[in-house]
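Before any comments, here is the structure.
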Amino acid sequence: MSEDSLPLTNAPTHEQDVVIGGRLRAMRKAQDLRLKHVAEQAGLSVSMLSQIERGISSPSIRVLRNICHALGVDGAALFDERSTPAPQGGAGADFVVRLADRKPVSVGGVTKYRVTPAGCSVMEGFLMEIGAGAVSDVNFVLQTGDKIGYVVRGKLRLFVDDQEMLLEAGDVYGFPSGHRYRWENGWESPTTILVINSNHFYV
1 MSEDSLPLTN APTHEQDVVI GGRLRAMRKA QDLRLKHVAE QAGLSVSMLS
51 QIERGISSPS IRVLRNICHA LGVDGAALFD ERSTPAPQGG AGADFVVRLA
101 DRKPVSVGGV TKYRVTPAGC SVMEGFLMEI GAGAVSDVNF VLQTGDKIGY
151 VVRGKLRLFV DDQEMLLEAG DVYGFPSGHR YRWENGWESP TTILVINSNH
201 FYV
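This is the structure in C-alpha cells:
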C-alpha cells in the first residue's frame, strides 16, 4: 500500500480517483499545458497521466506530488471548495475550521483533511488518517519548509535521513526544511496524526 486511505468519506475509491483526476486535468487546462509536457515534468508516461486524469488509475502520494510540482500549483488546490460545505459565518469565521467544513482528499491508503483556517497565509495544517499497512513512499521525500507532527492515535514508524523512530500516541516529531523523510504504519490498526507545515504545499 502507498501513502495517504482510510475510507473516511462515503465515496468509493474509484469515485475519489475521478474527482482528483478531474481537478488535475482542470488545473492543467487552465494553464494551457499539454499532457506530454506535464507528464515529462512529473516523470510519467503520457498514457499514465491520461489515466490518472480520467480516474482510471489511482496515483500514489509521490506521483500526486510530482504532478502538482509539474503544474506549479499548491497541493491544497486539490481540495475543491465546491465539494465541501461553505464555511459557517459569524464570529471567528476566519480563525476556525468547523468539523463540517473540513476538506478531505483520499489517495492510496490515507485520507487528509485540510484544517487550515482561512486567516492563515504562511502555514498549512491537516489531519491525516493513515490506514493499516500504508506507507508514504518507498523512497525518501525532501521536505520543503518546517514540519511538525503530533500522533493523535496509533503508531507510526518515521524515517528522517539515516534515523529511524517509533512514535506512539502523544508523541510529537518535527524537522526543518532540507531533510529527507518517509513514514509507514506497519500495524493492523489505523493511525491519526495532525501535521503542520510552514508552507502551503500540502502534499
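By the count of full-length UniProt numbering, the sequence shown reaches residue 203 at its end, each step adding exactly one.
Heads up, the beta-carbon is just placed ideally off N, CA and C, and yes, glycines get one too.
- Here DSSP, grouped into helix, strand and coil, assigns Glu15 to helix.
- If you keep only unbroken beta strand (DSSP E) runs of at least 3 residues inside the segment 142 to 180, you get 147 to 153, 155 to 160, 163 to 168 and 172 to 175.
- Per DSSP, reduced to three states, the secondary structure at Ile20 is helical.
- In the same chain as Val141, and ignoring 5 residues on each side of it, the C-beta atoms closer than 8 Å to its own belong to Arg62, Arg65, Arg180, Tyr181 and Arg182, in chain order.
- Taking the C-beta atoms as reference points, Gly133 is found nearer than 8 Å to Asn185.
- With a beta-carbon spacing of about 5 Å, Asp94 and Ala118 fall inside the 8 Å limit used to define contacts.
- CA-CA distance, Ser106 to Ser60, rounds to 10 Å.
- Contact annotation: Ile193 and Gly149 have beta-carbon atoms nearer than 8 Å.
- The alpha carbon of Ala26 has as its nearest neighbour, out of Lys147, Ile52 and Asn139, the alpha carbon of Ile52.
- A distance below 7 Å between beta-carbons, with the five flanking residues on each side excluded, links Val18 to the following residues of its chain, in chain order: Gly55.
- Per DSSP, the unbroken alpha helix (DSSP H) holding Glu40 starts and ends at Leu35 to Ala42.
- When the alpha-carbon of Gly154 is set against those of Ser121, Thr144, Ser50 and Leu167, the nearest one is in Leu167.
- In the three-state reduction of the DSSP assignment, Met48 falls in the helix class.
- Per DSSP, the continuous beta strand (DSSP E) segment holding Val107 begins and ends at Lys103 to Val107.
- Per DSSP, the beta bridge partners of Leu127 are Tyr113 and Leu194.
- Contact between Val195 and Phe126 holds: CB atoms are separated by about 6 Å, below the 8 Å threshold.
- A straight line joining the alpha-carbon of Gly174 with that of Met165 spans about 12 Å.
- Pairing Val110 with Glu129 gives a Cβ-Cβ distance under 8 Å.
- The shortest CA-to-CA distance from Val160 to any of Val151, Ala169, Gly170 and Gln143 is the one to Gln143.
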